[in-house]
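Colleague: So the sequence lines, in the order shown, correspond to chains A and B.
Using this note's numbering, the letters of the first sequence map in sequence onto residues 88 to 419.
Using this note's numbering, the letters of the second sequence map in sequence onto residues 88 to 419.
Backbone N, C-alpha and C define an ideal beta-carbon position, used for all residues, glycine too.
Model, not experiment: these values are computed from the prediction.
Protein chains: 2
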Amino acid sequence: MQTKRPATIRDVAQAAGVSTATVSKFINRLQRFSPEVEARIRAAVDGLGYRQNPAARSMVTGQTRTVGLAIQDVRNPHFANIVKGANRVALAHDYSLLVIDIEENPSGERALLEALSRRVDGLIVSSRIPEESIDWLAEIGKPVVFFGRLSRLGIPCVRSDGYQAAYMIGRHLVELGMQRIAYVGFTRARWNAERLHGLTDALAEANLTPIVHEIDTPSLEAGERAASAVLLGGKRPEAVVGYNDLVALGLMHEAQALGLRIPEDVAVAGFDDIPVARYMQPPLTSVDMRSEQQGEAAMNRLLTAIAREEGESDVLLEPRLIPRASTRRPLD
Amino acid sequence: MQTKRPATIRDVAQAAGVSTATVSKFINRLQRFSPEVEARIRAAVDGLGYRQNPAARSMVTGQTRTVGLAIQDVRNPHFANIVKGANRVALAHDYSLLVIDIEENPSGERALLEALSRRVDGLIVSSRIPEESIDWLAEIGKPVVFFGRLSRLGIPCVRSDGYQAAYMIGRHLVELGMQRIAYVGFTRARWNAERLHGLTDALAEANLTPIVHEIDTPSLEAGERAASAVLLGGKRPEAVVGYNDLVALGLMHEAQALGLRIPEDVAVAGFDDIPVARYMQPPLTSVDMRSEQQGEAAMNRLLTAIAREEGESDVLLEPRLIPRASTRRPLD
DNA sequence: TAATTGAAGTTAAACGTTTAACGTAAATGT
DNA sequence: ACATTTACGTTAAACGTTTAACTTCAATTA
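Below, the structure is given as structure tokens:
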């Protein structure tokens, strides 16, 4: 089972009758060589099955050709999409992706990020990172890009316009003639509140105010649990907007379990436009937050930073409203 | 913006007035030291903010403390769950996870795996890998664990019992009195056929045969596209089983769009029990394939292999039927 | 023709760790 | 009292690359 020691650059050099420097430069395409030498090296490489040792290379260059991606929860399709996008552009640039799901949190995000930081050339960090870790992130000396949250301390960020997205939903509901509109929100951090602001502003234009219900985690289950409080407490809202599609699906499910028809009795909408949204009964109105493009943009931004090129500081993606049957004029 | 050179073990040694060997052994807890020395080292480490350089360490030890996880598509909740599970146990053992989504396939899985193989101590490889790459995987000299597919060439595998799972669904449908049962399958590789076998055997016990419809990729869209052919061609089946929950959701959605009621007109079931299954209207009957446990088990198995301990060759997880409203006695 | 440039390769030092082999002094056994 | 072990540290050689500085020789320029 024991495979023999992998060939080193020295083996190749010896077999080809040249110095290791020559082989190195050839491999990295740093210099031209005479056809004979080139052929000999190529033959030696093939013959020995030589592959670079990334660790050795990293040690001298100080680069790992790896980037870290810290996300909240891979199971949330929004984050899965981000991984997808980031993975695509990383592969295209010959970078590897070190993914860490910080929900699985044995010793604090900070410790995880610290461990991660030495193994990567740069870091893409998701929204819900505690403020005190941010100071540290700014000082690690490695490029960092945020996504989903506002930039701080000069750290660039990539995100979609949550205010705009919520404003669109709000307007959409108002145009449908809705009067009592509830928001099941997740506002733990300031930037998470922008959705509430957008919604509030849209409603204000029609002299309306959202009924806000706070949850502690944006999941299917949390949406489900919130439903009865939101739908049965006091006068029933005509529409309810979830912090994201998961929350919205939870709400929708429980609403139906309570015997309410959607959208006739209550309309429901969410954010992210996760793939299943379209497949619900009724299909869920959502706002496409361009998750995958967020992943791509974040990775692109990070790679330019790693290359020490200047990049634009912030990238703001335009969300798109996707109206579906879960919000529809009550009289239709 | 330029941060100063990170402290090396030599800096620490000098500051503490000891040799680098001492520091190294202290860091790695390989030896006991006198309280004074210990204190001096600790002070130096803290004072300088010393962290190990993983690349340098890797070079001499030959270990990277990183494992590679090659999956088909992060967006599929089944795979997301596997990442979750694998991530959890990796973190617990201080390993990092190099995730690669091989659907994003610029230059072939083989090339990706080759590149990956030098950066990791071991590899977890998902099901749909071409046979010719497997020979190569067996020879790279690094531990490899499969998941989802059968083992080959002595490579251990972790999977759930697809035959059993399908058999359970089949029996469930038969017990509900279903007669015409369709299977929308994805049978490109041999091991993917076990679900069909399980279903076939369960039906055979009632002298029934499944109607098989093949799709080319197990996705929401594929399920949706398959629906009309399966449901409208000839006599309509009373139940249709999708290769996985995504396919089942696609089928269900299109069936409803065609005006069919579920389960009254046609029952639907799938595999994986993805989180949203429970939230559908009606909730989708599925089989929990223990995705997350698969990820955990695969990682555990890999880590024992990396530690050169002997582990059991194959791990077979027991699926669990989760009956829900999408399959229900027509007369209920 | 002599001086200058350029191309093709080499030498050797570094990168930051680990670890086998080796001291040295104190503790233990006989 | 002497040999042997044990505990605590050190020395120095690796690990597999890259790269600045250098050589050599042929081609170009003045």
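Just list the beta strand (DSSP E) runs in the stretch 197-280 of chain A, keeping only unbroken ones of 3 residues or longer that don't cross its boundaries, in chain order.
Modeller: DSSP runs (the beta strand (DSSP E)) wholly in the stretch 197-280 of chain A: 209-212, 231-234, 244-247, 268-272.
Colleague: Using a cut-off of 9 Å between C-beta atoms, extract the partners of A/Ala100 located in chain B.
Modeller: Residue 100 of chain A sits at position 13 when you count from the first residue of the first sequence. By Cβ distance, chain B contributes nothing, its closest Cβ being about 18 Å from A/Ala100, past 9 Å.
Colleague: CA-CA distance, B/Ala94 and B/Ala102?
Modeller: Residue mapping note: residue 94 of chain B aligns to position 7 of the second sequence, counting from 1. Residue mapping note: residue 102 of chain B aligns to position 15 of the second sequence, counting from 1. Cα-Cα distance, rounded: 11 Å.
Colleague: Checking the sheet assignment: what are the DSSP bridge partners for A/Arg323?
Modeller: Stepping through the first sequence from its first residue, residue 323 of chain A is reached at position 236. DSSP lists no partner for A/Arg323.
Colleague: Between the stretch 197-225 of chain A and chain B, which residues of the former have a C-beta closer than 8 Å to a C-beta of the latter?
Modeller: Hits within the stretch, in order: Leu199, Glu201, Ala202, Leu203, Arg205, Arg206.
Colleague: What is the DSSP secondary structure of A/Gly337, counted as helix, strand or coil?
Modeller: In the first sequence, the residue the question calls residue 337 of chain A occupies position 250. Here A/Gly337 sits in helix by DSSP.
Colleague: B/Ser220 and B/Arg197 look like a contact to me (Cβ under 8 Å); what is the Cβ gap, rounded to whole Å?
Modeller: If you number the second sequence from 1, residue 220 of chain B lands on position 133. If you number the second sequence from 1, residue 197 of chain B lands on position 110. At roughly 5 Å, the Cβ-Cβ gap stays under 8 Å, so B/Ser220 and B/Arg197 are in contact.
Colleague: With a threshold of 8 Å between beta carbons, is B/His340 in contact with chain A?
Modeller: The sequence position of residue 340 of chain B within the second sequence is 253, counting from 1. By this cut-off, B/His340 is an interface position.
Colleague: Check whether the stretch 333-341 of chain B and the stretch 300-315 of chain A are in contact - that is, three or more C-beta pairs closer than 8 Å.
Modeller: No: the two stretches stay apart, fewer than three of their Cβ pairs being nearer than 8 Å.
Colleague: Helix, strand or coil: which one does DSSP assign to A/Gln89?
Modeller: Counted from its first residue, the first sequence places residue 89 of chain A at position 2. Residue placement at A/Gln89 is poorly supported in this model, since its pLDDT is 46, which falls under 50; the coordinates still yield a value, given next. Of the three classes helix, strand and coil, the one that applies to A/Gln89 here is coil, per DSSP.
Colleague: Give a yes or no on whether 8 Å exceeds the smallest Cβ distance from A/Ile242 to chain B.
Modeller: Counting from one through the first sequence, the residue named residue 242 of chain A turns up at place 155. No - not a single Cβ of chain B is within 8 Å of the one on A/Ile242.
Colleague: Below 8 Å between beta carbons: does that hold for A/Leu283 and A/Ala326?
Modeller: Reading the first sequence from its first residue, position 196 is the one you call residue 283 of chain A. Reading the first sequence from its first residue, position 239 is the one you call residue 326 of chain A. No, these two residues do not count as a Cβ contact at 8 Å.
Colleague: At a CB-CB cut-off below 8 Å, which residues of chain A make contact with B/Arg162?
Modeller: As a first step, residue 162 of chain B is located in the second sequence; it is residue number 75 there, counting from the start. Chain A residues near B/Arg162: Pro164, Ala167, Asn168, Lys171, Pro362.
Colleague: From which residue to which residue does the alpha helix (DSSP H) around B/Ser373 run?
Modeller: As a first step, residue 373 of chain B is located in the second sequence; it is residue number 286 there, counting from the start. That residue, B/Ser373, is in no alpha helix (DSSP H); its beta strand (DSSP E) goes 373-375.
Colleague: Between A/Pro83 and the rest of its own chain, which residues show a CB-CB distance below 7 Å, the 5 nearest in sequence each way excluded?
Modeller: In the structure as shown, chain A begins at 88 and stops at 419. Residue 83 of chain A is therefore absent and cannot be evaluated.
Colleague: May I ask which residues mark the beginning and end of the beta strand (DSSP E) holding B/His165?
Modeller: Your numbering for residue 165 of chain B matches position 78 in the second sequence. Not the beta strand (DSSP E): B/His165 falls in the alpha helix (DSSP H), residues 164-179.
Colleague: Mind pulling the chain B residues with CB within less than 9 Å of A/Leu151?
Modeller: Start at 1 with the first residue of the first sequence, and residue 151 of chain A comes out as number 64. Correcting the residue identity first, residue 151 of chain A is Thr in this sequence and not Leu. Those are Pro141, Ala142, Arg206, listed as they occur along chain B.
Colleague: How many whole angstroms separate the CB atoms of B/His300 and B/Ala253, which I take to be in contact at a CB cut-off of 8 Å?
Modeller: For the purposes of this step, residue 300 of chain B is taken as residue 213 along the second sequence, with counting starting at 1. For the purposes of this step, residue 253 of chain B is taken as residue 166 along the second sequence, with counting starting at 1. Rounded, the Cβ-Cβ distance is 15 Å, inconsistent with contact.
Colleague: Given a cut-off of 8 Å, decide if B/Gln380 and A/Gln368 are closer than it, judged by their beta-carbon atoms.
Modeller: Against the first sequence, residue 368 of chain A aligns to sequence position 281. Against the second sequence, residue 380 of chain B aligns to sequence position 293. It is not a contact, given that the beta carbons lie outside the stated cut-off.
Colleague: Closest to B/Val374 by C-alpha separation, out of B/Leu156, B/Leu404, B/Gln118, would be which residue?
Modeller: Taking the first residue of the second sequence as 1, we reach residue 374 of chain B at position 287. Of the listed residues, the one whose Cα sits closest to B/Val374 is B/Leu404.
Colleague: Less than 7 Å between C-beta atoms, sequence neighbours within five positions excluded: which residues of the same chain meet that for A/Thr107?
Modeller: Residue numbering aside, residue 107 of chain A sits at position 20 when the first sequence is read from its first letter. Taken in chain order, the residues that qualify are Ile96, Arg97, Ala100.
Colleague: Between B/Asp419 and chain A, is any beta-carbon pair separated by less than 8 Å?
Modeller: As a first step, residue 419 of chain B must be located in the second sequence, where it is residue number 332. With a pLDDT of only 48 at B/Asp419, under 50, the local geometry of the prediction cannot be trusted, and the value read off the model is given with reservation. Not an interface residue.
Colleague: Establish whether the CB of B/Val124 and some CB of chain A are separated by less than 8 Å.
Modeller: For the purposes of this step, residue 124 of chain B is taken as residue 37 along the second sequence, with counting starting at 1. No, B/Val124 does not count as interfacial toward chain A.
Colleague: Verify whether the separation of the beta carbon atoms of B/Ile128 and B/Met386 is less than 8 Å.
Modeller: Within the second sequence, residue 128 of chain B is the residue found at index 41, counting from 1. Within the second sequence, residue 386 of chain B is the residue found at index 299, counting from 1. Their beta carbons are not under 8 Å apart, which means B/Ile128 does not touch B/Met386 by this criterion.
Colleague: Could you give the C-beta distance for A/His165 and A/Ser378, rounded to a whole number, given that I count them as a contact under 8 Å?
Modeller: Along the first sequence, read from residue 1 onward, the residue named residue 165 of chain A stands at position 78. Along the first sequence, read from residue 1 onward, the residue named residue 378 of chain A stands at position 291. Yes, A/His165 and A/Ser378 are in contact; Cβ-Cβ is about 5 Å, under 8 Å.
Colleague: Would you say B/Gly357 and B/Lys171 are within 8 Å of each other, going by their C-beta atoms?
Modeller: Here the question's residue 357 of chain B lines up with position 270 in the second sequence. Here the question's residue 171 of chain B lines up with position 84 in the second sequence. For B/Gly357 and B/Lys171, no; Cβs fall outside 8 Å.
Colleague: Please state the DSSP three-state secondary structure of A/Val132.
Modeller: Position 45 of the first sequence, counted from the first residue, corresponds to residue 132 of chain A. Helix at A/Val132.
Colleague: Just to confirm, is the Cβ distance from A/Leu199 to A/Ile187 under 8 Å?
Modeller: The sequence position of residue 199 of chain A within the first sequence is 112, counting from 1. The sequence position of residue 187 of chain A within the first sequence is 100, counting from 1. Yes, the Cβ-Cβ distance between A/Leu199 and A/Ile187 is below 8 Å.
Colleague: Closest to A/Arg395 by CA distance: which of A/Ala313, A/Gly272, A/Gln150 is it?
Modeller: Taking the first sequence and counting its residues from 1, the one referred to as residue 395 of chain A is at position 308. The shortest Cα separation from A/Arg395 among A/Ala313, A/Gly272, A/Gln150 belongs to A/Gln150.
Colleague: Any beta carbon of chain B sitting closer than 8 Å to that of A/Pro406?
Modeller: By one-based count along the first sequence, residue 406 of chain A stands at place 319. Cβ-Cβ to chain B under 8 Å: no for A/Pro406.
Colleague: Kindly say whether B/Asn294, judged by its beta-carbon, lies nearer than 8 Å to any beta-carbon of chain A.
Modeller: On the second sequence, position 207 is the one that residue 294 of chain B refers to. No, because no Cβ of chain A sits closer than 8 Å to the Cβ of B/Asn294.
Colleague: Do B/Arg206 and A/Ser183 have their C-beta atoms closer together than 8 Å?
Modeller: Mapped onto the second sequence, residue 206 of chain B falls at position 119. Mapped onto the first sequence, residue 183 of chain A falls at position 96. The answer is yes: Cβ separation under 8 Å.
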